[in-house]
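Everything on this sheet refers to the single structure shown next.
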Amino acid sequence: METKNNSGKLFVAGTLTALGASLCCITPVLGVMAGIGGAAATFSWLEPFRPYLIILTLGMLGWAWYRTLNPQKQAMDCACEEDVKKPFMQSKTFLGIMTVVVLLLMAFPYYSGAVLPSPSTSVAVASDVPLRQARLDIRGMTCSGCESSVTHALSSKKGVTKATASYEAGLARVTYDPSMVSPEVLKKAIEEEVGYTVTNFELSDNH
């Protein structure tokens, strides 16, 4: 029974470390979906530790499953121990469910874009007003989940025809109708809705 309890504790610890490895990517998405942009970048400091947290999580998962599938032989204090029904939280089914949850948490940055609602793709622009392009240098993006959040926040603004972001380059590019949306609105979309800092905003005509 002690082996099962230890396995359960390992899975709880593994879930917490997996959550820690994903918080830097989960909070920006929540910032866009739930309007908590002020807290969206709170856990960005965890990003440098993400590889180590993932390794630690996988180690816990492997050890928990090993202890569950290969329990150590202990002295038989009760001959009827095998007939006692184990609690659900000590079952292989529960450990399997927790394993799926943990793996989904760790993989969140890779599918976070699918969680965000798709912005409208039909954008009406004034035909007599030339479109403009802008480059926004952004501080705080750490993963592909951050890219999705920034792209969605910009694309959702009326007058924006195209938006892309790169966390590796630390920037976003947006094409928009200046008669419908201003640079200040685009900047606020990133800083207030997602929680990152725009350090530079460069404009150029789209010829």
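Residue numbers for the sequence shown, in full-length UniProt numbering: 1 to 207. Heads up, the beta-carbon is just placed ideally off N, CA and C, and yes, glycines get one too.
What is the rounded straight-line gap between the Cα of V129 and the Cα of D137? Within the sequence shown, numbered from 1, the residue matching residue 129 stands at position 129. Within the sequence shown, numbered from 1, the residue matching residue 137 stands at position 137. Cα to Cα, the separation comes out at about 25 Å.
T142 in three-state terms, based on DSSP: Residue 142 sits at position 142 when you count from the first residue of the sequence shown. T142: coil per DSSP, three-state reduction.
Between G145 and F108, is the Cβ-Cβ spacing less than 8 Å? Here residue 145 refers to the residue found at position 145 of the sequence shown. Here residue 108 refers to the residue found at position 108 of the sequence shown. Yes, they are a contact pair.
Is P183 near F201, with beta carbons less than 8 Å apart? In the sequence shown, the residue the question calls residue 183 occupies position 183. In the sequence shown, the residue the question calls residue 201 occupies position 201. Yes, the pair counts as a contact, with Cβ atoms nearer than the cut-off.
Return helix, strand or coil for E168, following the three-state DSSP convention. Position 168 of the sequence shown, counting from 1, holds the residue named residue 168. Correct three-state label for E168: coil.
Quick one, which of C143, L95, T142 and L186 has its alpha-carbon nearest residue 221's? Past the edges of the chain, shown from 1 to 207, lies residue 221, and the structure says nothing about it.
Could you give the C-beta distance for S142 and Y111, rounded to a whole number, given that I count them as a contact under 8 Å? In the sequence shown, the residue the question calls residue 142 occupies position 142. In the sequence shown, the residue the question calls residue 111 occupies position 111. The residue you asked about is not Ser; residue 142 is Thr in the sequence shown. So it is not a contact: roughly 16 Å between Cβ atoms.
Assuming K158 and M180 are in contact, meaning their beta carbons sit under 8 Å apart, how far apart are those beta carbons, in whole angstroms? Along the sequence shown, read from residue 1 onward, the residue named residue 158 stands at position 158. Along the sequence shown, read from residue 1 onward, the residue named residue 180 stands at position 180. With 8 Å as the limit, K158 and M180 qualify as a contact, their Cβ atoms being about 6 Å apart.
As assigned by DSSP and simplified to three states, the class of L61: Against the sequence shown, residue 61 aligns to sequence position 61. The answer is helix: DSSP assigns L61 an H, G or I state.
Under three-state DSSP, which class holds V174? Counting from one through the sequence shown, the residue named residue 174 turns up at place 174. Note: V174 maps to strand in three-state DSSP.
Could you check if S148 is buried or exposed, using at least 16 other CB atoms within 10 Å of its CB as the buried criterion? In the sequence shown, counting from the first residue as 1, residue 148 sits at position 148. Buried: at least 16 other Cβ atoms inside 10 Å.
Roughly how many angstroms separate the alpha carbons of L69 and F49, rounded to a whole number? Locating residue 69 in the sequence shown gives position 69, where the first residue counts as 1. Locating residue 49 in the sequence shown gives position 49, where the first residue counts as 1. Roughly 30 Å separates the two Cα atoms.
Less than 8 Å separating the beta-carbons of V194 and V174? The residue given as residue 194 occupies position 194 in the sequence shown. The residue given as residue 174 occupies position 174 in the sequence shown. In this structure, V174 does not lie closer than 8 Å to V194 by Cβ.
N-terminal and C-terminal residue of the alpha helix (DSSP H) that K92 is part of: The residue labelled residue 92 in the question sits at position 92 within the sequence shown. Unbroken alpha helix (DSSP H) run through K92: K92 to M106.
Quick one: residues in its chain with C-beta nearer than 7 Å to the C-beta of A153, no 5 flanking neighbours on either side, listed in chain order? As a working mapping, residue 153 is identified with position 153 in the sequence shown. Residues V32, A189, I190, E193 and V194 of the same chain have their beta carbon placed closer than 7 Å to that of A153, with the five preceding and five following residues left out of the count.
Pull up the distance between the alpha-carbon of T99 and that of S91, whole angstroms please. The residue labelled residue 99 in the question sits at position 99 within the sequence shown. The residue labelled residue 91 in the question sits at position 91 within the sequence shown. Going by the C-alpha atoms only, they are around 13 Å apart.
Are the CB atoms of I54 and M106 within a distance shorter than 8 Å? Numbered from 1 along the sequence shown, position 106 holds the residue referred to as residue 106. Numbered from 1 along the sequence shown, position 54 holds the residue referred to as residue 54. For the 8 Å CB-CB criterion, M106 and I54 form a contact.
Going by DSSP, what residues sit across from L136 in a beta bridge? Numbered from 1 along the sequence shown, position 136 holds the residue referred to as residue 136. For L136, which the question treats as bridged, DSSP gives the partners A172 and F201.
Cut-off 7 Å between Cβ atoms - residues of its own chain near T164, not counting five sequence neighbours on either side: On the sequence shown, residue 164 is found 164 positions in, with the first residue counted as 1. For T164, where only same-chain residues beyond five positions count, the Cβ hits under 7 Å are T151, A172 and R173.
Let me make sure I understand the geometry here. Which of T17, L203, Y196 and V198 has the alpha-carbon closest to that of V101? The residue given as residue 101 occupies position 101 in the sequence shown. The shortest Cα separation from V101 among T17, L203, Y196 and V198 belongs to T17.
C-alpha gap between L103 and L58, whole angstroms: Sequence index remark: in the sequence shown, residue 103 carries index 103 (1-based). Sequence index remark: in the sequence shown, residue 58 carries index 58 (1-based). Taking the straight line joining both Cα atoms gives about 9 Å.
At a threshold of 7 Å, does D177 count as lining the ligand NAP (C-beta to nearest heavy atom)? Because no ligand of any kind appears in the structure shown, any question about the ligand NAP cannot be addressed here.
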